[in-house]
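**Student:** In terms of this note's numbering, the sequence shown opens at residue 3 and continues consecutively. Sharing a structure below in structure tokens format, with a few things to ask.
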Amino acid sequence: MREIRYVGDPVLRTPAEPVTDFDRELRRLIDEMFAVMYQADGVGLAGPQIGVGRRLFVYDISNRKGHVVNPELTIDDPGEVVEEEGCLSVPGKETGKPLYAPTVRAAGVTLRGVDKLGRPVAVKARGMLARCFQHEFDHLEGTLYVDRLGKDERRKILLQAP
């Protein structure tokens, strides 16, 4: 099973490439991503977090489970919501658990893309699901949640990370 990559790994800072092959390998990768996410007690996992620089992510949060390939994210409600947010790729070096910080996200989004068979996917989201979609989409752009924090908070988190 693949391992989660941590802050400092270049794959987390490199924009992911579109998925072009919708084959058995993609289906296996998605199944493996769910397994890695569940093993780590996460609610979302993007390809770059396991060293795969492809545009896809899986999620299981707020009674919603799914995956999306080649996603596009639209902000429907730009109202700012501040909630604690953490990341499997930014764990504490002593605990190994995600480090949390208040992070600003948009209140509502629409996620569009395709599934592992190339069928269209469209999900409107608010609350924690919207936060999850924005967080995972950021991973595909080479952005981490700590990039959205103020300088002092970002420094505090990164000093605790491996």
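We treat Cβ as the ideally placed atom computed from N, Cα and C, and that holds for glycine.
According to DSSP, is residue 5 part of a helix, a strand, or is it coil?
**Tutor:** By 1-based counting over the sequence shown, the position of residue 5 is 3. Residue 5: coil per DSSP, three-state reduction.
**Student:** Which residue or residues does DSSP assign as beta-bridge partners of residue 169?
**Tutor:** Past the edges of the chain, shown from 3 to 164, lies residue 169, and the structure says nothing about it.
**Student:** Using alpha carbons as the reference points, say which of 98, 104, 66 lies closest to residue 6.
**Tutor:** One-based indexing of the sequence shown puts residue 6 at position 4. Residue 98 is the option with its Cα nearest to residue 6.
**Student:** From the DSSP output, which residues share a beta bridge with residue 115?
**Tutor:** Sequence index remark: in the sequence shown, residue 115 carries index 113 (1-based). DSSP, once it has assigned bridges, lists 123 as partnering residue 115.
**Student:** Whose C-beta lies closer than 6 Å to the C-beta of residue 138 among residues of the same chain, with five residues either side of it excluded?
**Tutor:** Within the sequence shown, the letter at position 136 stands for residue 138. The residues are 46, 48, 59.
**Student:** Taking the alpha helix (DSSP H) that residue 38 belongs to, which residues open and close that run?
**Tutor:** Here the question's residue 38 lines up with position 36 in the sequence shown. It spans 26-41 - the alpha helix (DSSP H) in which residue 38 sits, taken as one unbroken run.
**Student:** Along the chain, where does the alpha helix (DSSP H) containing residue 154 start, and where does it finish?
**Tutor:** As a position in the sequence shown, residue 154 is number 152, starting the count at 1. Looking at the DSSP string, the run of the alpha helix (DSSP H) that includes residue 154 is 153-162.
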